[in-house]
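Since the structure comes first, as structure tokens, the remarks are kept for the end.
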Amino acid sequence: MSESLKILIVGAGPAGLSLAMHLKHMGIDAKVIDQKSGLTEQSGGVFLQGQSLISLGYSMAENISKHAHPITSGALLTKSKKLFSFDLTELPGQFFAPMTISQNKLEAELLSELERQGLSVFWNHELTEISQDEDKVSVVIKNQQSEADEFDYVIGADGSESTVRQQTGFEVVQTGDPGEWVSANIKLQTANLDSSKVQISMHDGQLTGLFPMDARGRFRIVRNSNSGNHSKADYWAKALSEFGVVEFPEVISSYRYTFEEKHSPELRQDRVLLIGDAAHTHSPIGGQGMNLGLLESANLAWKLAMVANGADDDLLDTYSEERSRVAIASFSKANMAFRIVVAKNSIVRKLRDIFLSSSKVLAPVRDFLAASLRGEDERYPAGGINREFFDSVQVDDHRELPENRDVDNFFKGISAGAQFSVHNDRLNSLVDDKFFTAFLFDGRNKTEDGKQRLLQTYEYLNAQLMTRAYIFSEREEGFSNLENFILDPNMYLHNQLYASMESVYIVRPDNHIGFRSAPVDLPALEQWWDDLLSGETE
């Protein structure tokens, strides 16, 4: 266990628990506190994007998927008429489909993993004061009595009314106020509804979302509303009629809540950082809140672990740079979609429905909704700490594809900054939230120089902290004595990443590609690694 950093995580929701889990996997015992007395029965968010699931690590994702319900498609309706459907699985490289799982079930799985690793949450502990200087963060934590303590870093994962955010003075931008919402967990007996489809209805200025929770008639239904008795079956029967359902549902639980759309443009102030709802709150229809928090925890964890192992503190700046960009893009899309959908003017609504039904705009609108629910904003720009090289030339986001089969194949592969996931159990299972995982491929046109490059790079990478490298070849000669050699007859694993030529892919612990090159470019890789350790992002 690293003793070099003392970290406090305030809040034991999905973001805080997953951050603690990642850190624990990397040998860091963070202290997690929450003012609640334990895990809540209130289910919170339910929609889990494939990218978010993968960010928890392949083995954890497999475990959680056993408790979740897969979603393969979505539909937008108005006045019980379906405007269009869209697919939620056709994301290149995505291994796990989107799923629904109650937030409290997800939290229970994360907490169980922490407890298996010997880490407990300090319940009934409330952060009441926080301040920082150049060397430390000072806090006061109230349990049965108030106690002062000091930490190297404090992470605010304490929800939309975050004490950490408010007392530290993070800027907050408020973009809108969707008002009051109601939500219920219901069970239907006779309705013939597709249990693999998310449905969203627009009607009279109201937005209603219907999320299947299993194949046995259980659904989560959410709508913006400030009137009516949401605990009664007839209230939800009226809402369900928008989906062509004629039935009085069994209302298992329901609640009303109010929130503001807001976000913090910067997620770091020196030794204090924000994740999850403490950093941003969204309309519940977009299903973004829980997902963004999980992805942020994966991003932040490995950077804190690198700092704990000697990397420069400036590396933490990239957390705010990468994640605020994704969150703000997601925020803008969700806000725009919400405004369009809940338009109250009848003329505007009619024009909207005509517009959405037009064959000229159907595809882009459908693709927009599908991309938002799949989480396709979940990529970082090439450059900075995400670099790729072709023939020793650094490639940025603006490139022209050369007319050559092998070169073209390289550019079909997963680019630097994108999330790694392929439709192959073997490769996915090698990626771990404890390590940078390097895949070294020798390609079709093998040379002795290429073999030596692979061997030198393999040796270099396996000597670095938090790094594990593998060599893939269709031949055993020269590699069979290596601990992490994988024989790849017929180059099947090569082809998963379009590695028809000698190349290297390095997957960050948060499942994003940090570096790739073709052929293997050890000097460029060494420079990238040195820049990571020094916090150099240019």
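Its first residue numbered -7, the sequence shown is counted upward by one per residue in the numbering used here.
Think of the CB as a built atom: it goes at the ideal place given N, C-alpha and C, for glycine as much as any other residue.
Note that this is a predicted model, so its numbers are computed, not measured.
Let me check understanding here. Comparing Cα to Cα, which of the options lies closest to residue i?
i	options	result
LYS71	HIS195, ASP502 and ILE244	HIS195
TYR311	ILE147, ASP513, ASP480 and ILE478	ILE147
GLU153	ASP441, ASN473, GLY268 and LEU106	GLY268
ASP306	ALA271, ARG317 and ARG260	ARG260
SER245	LYS224, TYR450 and ALA231	LYS224
ALA229	ASP262, ALA176 and HIS272	ALA176
ASP127	GLN444, VAL165, TRP294 and ARG263	ARG263
LEU31	ALA22, THR155, ASN378 and LEU98	LEU98
GLU380	GLU518, TYR452, PHE235 and GLU239	GLU518
Residue range of the beta strand (DSSP E) that residue i falls in?
i	result
ASN216	210 to 216
ILE498	495 to 499
ASP523	Premise fails: ASP523 lies in the alpha helix (DSSP H), 514 to 526, not in any beta strand (DSSP E).
MET194	189 to 195
ALA303	That residue, ALA303, is in no beta strand (DSSP E); it is neither H nor E in DSSP.
ARG467	Where ARG467 is concerned, there is no enclosing beta strand (DSSP E), given that its DSSP letter is neither H nor E.
GLY442	First-last for GLY442: 440 to 454, but that is the alpha helix (DSSP H), not the beta strand (DSSP E).
HIS255	242 to 255
TYR145	145 to 148
LEU479	477 to 479
SER539	What is shown of the chain runs -7 to 530, which leaves residue 539 out entirely.
What are the boundary residues of the alpha helix (DSSP H) that includes residue i?
i	result
SER289	281 to 300
PRO90	Unbroken run through PRO90: none, as it is neither H nor E.
VAL7	Here the sequence assigns Ala to residue 7, which means Val is not the residue at that position. 6 to 17 is the extent of the alpha helix (DSSP H) around ALA7.
TYR227	225 to 232
GLY66	Element bounds for GLY66: not the alpha helix (DSSP H) but the beta strand (DSSP E), 65 to 70.
GLY42	42 to 47
LEU103	95 to 108
With 8 Å as the threshold, decide whether the Cβ of residue i is near any Cβ in chain D.
i	result
ALA461	Among the chains of the structure shown, chain D does not appear; only one protein chain is present.
Is it the case that the Cβ atoms of residue i and residue j are separated by a distance below 8 Å?
i	j	result
ILE122	THR160	yes
TYR227	GLN34	no
VAL113	ALA4	yes
SER256	LEU266	yes
LEU296	LEU525	no
THR473	TYR462	Thr is not the amino acid found at residue 473; the sequence shown has Asn there. For ASN473 and TYR462, no; Cβs fall outside 8 Å.
GLN41	PRO6	no
LEU489	VAL414	yes
TYR372	GLY409	yes
ALA270	ALA455	no
MET493	ALA516	no
ASN291	PHE87	no
ALA300	ILE20	yes
ILE478	PHE412	no
THR92	PHE203	yes
GLU258	SER316	yes
To the nearest angstrom, how far is it from the Cα of residue i to the Cα of residue j?
i	j	result
HIS390	GLU101	Residue confidence for HIS390 is low, a pLDDT of 47 falling below 50, so the modelled location carries little weight; the figure read from the coordinates is stated next. If I take the Cα positions, the gap works out to 41 Å.
GLU139	VAL24	15 Å
GLY197	LEU185	24 Å
GLY285	THR250	20 Å
TYR145	ALA321	27 Å
SER44	ASP424	15 Å
TYR50	SER219	43 Å
SER351	ASP304	Since pLDDT at SER351 reaches only 46, below the 50 mark, its modelled position is unreliable, and the value read off the structure follows with that caveat. Each residue's Cα considered, the two are about 53 Å apart.
SER(-6)	TRP521	Note that SER(-6) scores a pLDDT of 43, beneath 50, so its modelled location is shaky and nothing firm can be said.
ALA491	THR167	44 Å
HIS61	GLU105	20 Å
PHE433	SER384	17 Å
SER(-4)	PHE428	20 Å
GLY37	ARG467	48 Å
TYR497	GLY442	15 Å
GLN158	GLU242	40 Å
GLN448	GLY435	16 Å
VAL353	LYS73	In this predicted model, VAL353 has a pLDDT of only 48, less than 50, meaning its place in the structure is not dependable; the value taken from the coordinates is given anyway. In a straight line, the C-alpha of VAL353 is about 18 Å away from that of LYS73.
SER130	ASN416	47 Å
ASN283	SER289	10 Å
GLU253	GLU163	14 Å
LEU9	LEU103	7 Å
LEU514	GLU528	18 Å
LEU308	PHE143	16 Å
TYR450	PHE431	9 Å
SER187	HIS117	40 Å
PHE507	ALA374	9 Å
Between residue i and residue j, how many whole angstroms is the CB-CB distance? I'm expecting something under 8 Å.
i	j	result
GLY66	GLN191	7 Å
ASN503	SER29	Contact doesn't hold; Cβ gap of about 34 Å is too wide.
VAL512	LEU446	6 Å
LYS179	ARG210	5 Å
MET483	MET298	Between MET298 and MET483 the Cβ distance is about 33 Å, and since that is not below 8 Å, they are no contact.
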